[in-house]
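Novice:
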Amino acid sequence: MAEIKSALEIALEKTRDIQGDPEAVRKHEARNEGRKMLATLRKDPDFQLKKALKAFPKNELVWVKEGLFEAVRSNLVLPQEERDLARLDELATVMKELSRDRSMVDAILQQVREFFSRYLQDRNQLIEGLTEQYGPRLKQREQQLSQQYGRPVRLEASQDPEFAKLLQDHLGNLQEQYQRALGEVETHLRSMAGI
1 MAEIKSALEI
11 ALEKTRDIQG
21 DPEAVRKHEA
31 RNEGRKMLAT
41 LRKDPDFQLK
51 KALKAFPKNE
61 LVWVKEGLFE
71 AVRSNLVLPQ
81 EERDLARLDE
91 LATVMKELSR
101 DRSMVDAILQ
111 QVREFFSRYL
121 QDRNQLIEGL
131 TEQYGPRLKQ
141 REQQLSQQYG
151 RPVRLEASQD
161 PEFAKLLQDH
171 LGNLQEQYQR
181 ALGEVETHLR
191 SMAGI
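Going by full-length UniProt numbering, the sequence shown opens with residue 1, and the numbers climb by one from there.
Below you can see the structure in the form of structure tokens.
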């Protein structure tokens with residue numbers, strides 16, 4: 001009578017001769033270490049990035065730097081408020097270690113800071129302008145609701161679904177314009193980092 005094997009036993013037999021790629025594993029781990037360095041820098045302002053990078057063997061250093069740049073890239077996003085601009089200092093520290101031309105990094109990130117400030121100004125002006133433009137429509141809705149409920153009703157523009165959609169559409173267009181320019185900055189930083 002034949003022996004009945006479990007699915008696990010069959011799977012183990014079929015995969016017995018499959019070997020993992022050790023270099024791919026080292027590359028993945030090195031990239032993860034690079035990504036973690038930005039978080040460490042955020043938590044510990046005294047973290048010595050240059051020293052930490054020197055601790056890696058030369059053959060893995062490229063991968064660590066790739067991971068570190070990916071962390072920078074994922075943090076280079078349009079700000080939502082003024083305090084988000086503080087992230088640029090950490091990104092500047094990292095980019096100075098990745099790039100050979102530190103003065104160019106300073107110049108580019110200063111332009112990015114101004115770019116982000118302009119975005120926040122444009123965003124605030126857009127919100128204020130739409131709120132002002134929508135004011136008469138909001139007053140009309142307040143009057144309708146006051147008549148309907150028999151008591152005064154006060155509405156904020158943010159409470160109105162029609163206004164929210166209008167604002168979302170306009171903010172989406174603004175973000176799209178700025179995001180394109182930010183993509184160009186990212187490409188330039190990548191070339192400066194040699195990645």
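Ideal Cβ positions, reconstructed from N, Cα and C, are used throughout, including at glycine.
Using 8 Å as the threshold, is the C-beta distance between L78 and Q168 below it?
Specialist: The sequence position of residue 78 within the sequence shown is 78, counting from 1. The sequence position of residue 168 within the sequence shown is 168, counting from 1. The answer is no: Cβ separation not under 8 Å.
Novice: Compare the C-alpha of G172 against each of I108, G194, A157 and I127 and name the closest.
Specialist: Taking the first residue of the sequence shown as position 1, residue 172 is located at position 172. Checking every option, the nearest Cα to that of G172 belongs to I127.
Novice: Could you name the residues of the same chain whose beta carbon sits closer than 6 Å to that of A30, not counting the 5 residues immediately before and after it, in chain order?
Specialist: Against the sequence shown, residue 30 aligns to sequence position 30. Within the same chain, A30 has close Cβ partners E60, W63 and V64.
Novice: Classify E9 as buried or exposed, calling it buried when 16 or more other Cβ atoms lie within 10 Å of its own Cβ.
Specialist: Mapped onto the sequence shown, residue 9 falls at position 9. That one is exposed.
Novice: Look up K5 in the DSSP assignment and say whether it is helix, strand or coil.
Specialist: Working through the sequence shown from its first residue, we reach residue 5 at position 5. Coil.
Novice: Excluding sequence positions up to five away, which residues of its chain have a Cβ less than 7 Å from the Cβ of E113?
Specialist: Along the sequence shown, read from residue 1 onward, the residue named residue 113 stands at position 113. Per the sequence presented here, residue 113 reads as Arg, with Glu not at that position. Same-chain partners within the cutoff: L85 and L88.
Novice: Only counting the same chain, and skipping five residues up and downstream in sequence, which positions put a Cβ closer than 8 Å to that of R35?
Specialist: Stepping through the sequence shown from its first residue, residue 35 is reached at position 35. Closer than 8 Å at the Cβ level, and outside the excluded window around R35, lie G67, L68, E70 and A71.
Novice: Output the distance between the C-alpha atoms of E82 and Q110, rounded to the nearest integer angstrom.
Specialist: Here the question's residue 82 lines up with position 82 in the sequence shown. Here the question's residue 110 lines up with position 110 in the sequence shown. Using only the alpha carbons, I get a separation of about 15 Å.
Novice: With 16 as the cutoff for other CB atoms within 10 Å, does A11 come out buried or exposed?
Specialist: Mapped onto the sequence shown, residue 11 falls at position 11. Exposed: under 16 other Cβ atoms inside 10 Å.
Novice: Rounded to whole angstroms, what is the Cα-Cα separation between M192 and M37?
Specialist: The residue given as residue 192 occupies position 192 in the sequence shown. The residue given as residue 37 occupies position 37 in the sequence shown. Going from the Cα of M192 to the Cα of M37 covers about 19 Å.
Novice: Using only the alpha-carbon positions, how far apart do Y134 and L120 sit?
Specialist: Here the question's residue 134 lines up with position 134 in the sequence shown. Here the question's residue 120 lines up with position 120 in the sequence shown. Between Y134 and L120, the C-alpha separation is close to 21 Å.
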